[in-house]
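S.K.:
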Amino acid sequence: MSTTGFEFGGNAVTKLCGVRYPIFLAGMAAISGPKLVAAVANAGGMGTVGGLRLAPLALRRWIRETKELTDKPFGVNLVPSFGGPDVFEAQFQVVLQEKPRMLSLFYAENYPHMISRAKDAGMVVMVQVGSVELARRAIAQGADIITAQGSESGGHLNRGTIGLLSLLPSLISAADGRPVLAAGGITNRDDVRTVMNMGARGVLCGTAFVACDESNAHPLYKQKIVDATVDDTEYRTGYSFGWKYGTPHRVIPNRDKWNLLRHIGGGARVIDKPRMAQKLSLYAGQGVGKIDRVVSAAARVEELAMGLADDGEREAVERFEGVRLRYA
Ligand SMILES: Cc1cc2nc3c(=O)[nH]c(=O)nc-3n(C[C@H](O)[C@H](O)[C@H](O)COP(=O)(O)O)c2cc1C
Numbered sequence: 019m020s021t022t023g024f025e026f027g028g029n030a031v032t033k034l035c036g037v038r039y040p041i042f043l044a045g046m047a048a049i050s051g052p053k054l055v056a057a058v059a060n061a062g063g064m065g066t067v068g069g070l071r072l073a074p075l076a077l078r079r080w081i082r083e084t085k086e087l088t089d090k091p092f093g094v095n096l097v098p099s100f101g102g103p104d105v106f107e108a109q110f111q112v113v114l115q116e117k118p119r120m121l122s123l124f125y126a127e128n129y130p131h132m133i134s135r136a137k138d139a140g141m142v143v144m145v146q147v148g149s150v151e152l153a154r155r156a157i158a159q160g161a162d163i164i165t166a167q168g169s170e171s172g173g174h175l176n177r178g179t180i181g182l183l184s185l186l187p188s189l190i191s192a193a194d195g196r197p198v199l200a201a202g203g204i205t206n207r208d209d210v211r212t213v214m215n216m217g218a219r220g221v222l223c224g225t226a227f228v229a230c231d232e233s234n235a236h237p238l239y240k241q242k243i244v245d246a247t248v249d250d251t252e253y254r255t256g257y258s259f260g261w262k263y264g265t266p267h268r269v270i271p272n273r274d275k276w277n278l279l280r281h282i283g284g285g286a287r288v289i290d291k292p293r294m295a296q297k298l299s300l301y302a303g304q305g306v307g308k309i310d311r312v313v314s315a316a317a318r319v320e321e322l323a324m325g326l327a328d329d330g331e332r333e334a335v336e337r338f339e340g341v342r343l344r345y346a
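Structural data, given as structure tokens:
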């Protein structure tokens, strides 16, 4: 980091994950591919491969490609409820064999043994939830890190009715000393500072990393995020690609009334036709109004990390257990 002159490290999350900053890239299906994951990891954050929807062979390929691009730790995200137990088990086997540092889970409550299996294989397990009840279940199953997913979040919501300001303190109490990350609308240093002051041990960001050079998102999708204001996202429970009808998600809606694709929530990839990126309602969180350009993932990590420990922030940083400031 160029302007701080010191490094933040040593809280429970950075220790567990072996990373410099407790800044997590959300494992976003199709969007968080090897290039983005490695870029975040190389910049000192925790990159996470979006494993959802990947066939086992493709998942293995993405993990191996990521390993070629970075020697830093990274994670893999799976959504156990998606595709059913057989699909999940096949993906899970790949993860058990490849052993990334972290397994990140979403909609995980009906698969109790996978957390202990992942931990037995040496992985750290993070579970993202949007309610105290779901957090308690994840903790009972052995989760090491809980992510509080506020209703501001882009993409799918695991419940998704509680704003981060209320959810985060409740999950910190429920987590019984386990580290809690904050997610939903976090895009810059001020956001990071705010949630760290509330007791979060780190942040998890999706939308801010969609709008990065290395993400797999279609350029038109990135531009929509840059152009959007805070008024422009919507909470929906209609259809989104492959998910059970009614699963809540947040999108920048397409209001083109002539196009059927506008009813579908999705995340257009660089390989999709421009029409897809123009017509889909695109996954994005309420932080869009604070994203004004597409930047490199390293620049995004650096901006977020400024909220952990820039010059006026030593006091806040020092409040955290085990914190260590090392002056360069
Ligand atoms: C394009 C996109 C795709 C996502 N895909 C996944 C996914 O595959 N698995 C998952 O656990 N969460 C997924 N999420 C949700 C994120 O994990 C996280 O909750 C969210 O991005 C946080 O809010 P933010 O987008 O405002 O930063 C996705 C989010 C976005 C924006």
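Residue 346 is where the sequence shown ends in my numbering, and the numbering goes up by one at each step.
No residue lacks a Cβ here, since even glycine has one placed at the ideal position from N, Cα and C.
As the structure is a prediction and not an experimental result, all values here were calculated from the model.
(1) With DSSP run on the structure shown, which of helix, strand or coil describes Arg196?
(2) Among the candidates Arg79, Met64, Leu43 and Asp250, whose CA atom is the shortest distance from the CA of Glu116?
(3) Can you name the start and end residues of the beta strand (DSSP E) that His267 belongs to?
(4) Flag this pair as yes or no: are the beta carbons of Ala229 and Lys240 separated by less than 7 Å?
(5) Do the CB positions of Asp274 and Arg268 come within less than 7 Å of each other?
(6) Does DSSP put Ile157 in a helix, in a strand, or in coil?
(7) Which residues bound the beta strand (DSSP E) around Thr165?
(8) According to DSSP, simplified to helix, strand and coil, what is Phe106?
(9) Looking at Gly307: is its Cβ nearer than 7 Å to the Cβ of Arg211?
(10) State the beta-bridge partners of Pro287 as determined by DSSP.
(11) Out of Lys262, Ser233, Trp276 and Gly283, state which residue places its alpha-carbon closest to the alpha-carbon of Arg254.
(12) Determine the burial state of Leu72: buried for a count of at least 16 other Cβ atoms within 10 Å of its Cβ, exposed for fewer.
(13) Confirm, please, whether the CB-CB distance from Thr205 to Ile309 is below 7 Å.
(14) What are the residues that DSSP puts in a beta bridge with Gly173?
(15) Give the straight-line distance between the Cα atoms of Met132 and Glu83, rounded to the nearest whole angstrom.
(16) Since Asn60 is in the beta strand (DSSP E), which residue starts that stretch and which ends it?
(17) Go ahead and pull the three-state DSSP assignment for Ser20.
(18) Tell me, to the nearest whole angstrom, how far the beta carbon of Lys297 is from that of Ile270; I am working on the premise that it is less than 8 Å.
M.R.: Short version:
(1) If DSSP states are grouped into helix, strand and coil, Arg196 belongs with coil.
(2) Of Arg79, Met64, Leu43 and Asp250, the residue nearest in Cα terms is Arg79.
(3) From DSSP, the beta strand (DSSP E) with His267 extends over His267 to Ile270.
(4) Result yes, Cβ atoms of Ala229 and Lys240 sit closer than 7 Å.
(5) Not a contact, by the Cβ cut-off of 7 Å.
(6) Ile157 carries a helical assignment under DSSP once its states are collapsed to helix, strand and coil.
(7) Its beta strand (DSSP E) spans residues Ile163 to Gln167.
(8) Residue state, collapsed to three classes: helix.
(9) Taking 7 Å as the Cβ cut-off, Gly307 and Arg211 do not qualify as a contacting pair.
(10) Note on identity: in this sequence residue 287 is Arg, with Pro being the wrong assignment. Paired residues: Ala235.
(11) Residue nearest to Arg254 within the set Lys262, Ser233, Trp276 and Gly283 is Gly283 (criterion: CA-CA distance).
(12) Residue burial annotation: Leu72 is buried, with at least 16 other C-beta atoms found within 10 angstroms of its C-beta.
(13) Yes, they are a contact pair.
(14) Residue pairing by DSSP puts Gly173 in a beta bridge opposite Arg268.
(15) The alpha-carbon atoms of Met132 and Glu83 are separated by roughly 25 Å.
(16) Boundaries for Asn60: no beta strand (DSSP E) harbours it, while the alpha helix (DSSP H) harbouring it runs Pro52 to Asn60, taken from the DSSP string.
(17) Caution is warranted here: a pLDDT of 36 is assigned to Ser20, below 50, making its placement in the model unreliable, and the coordinate value is therefore given only provisionally. In this structure, Ser20 counts as coil in the three-state DSSP scheme.
(18) Not a contact, Cβ separation roughly 12 Å.
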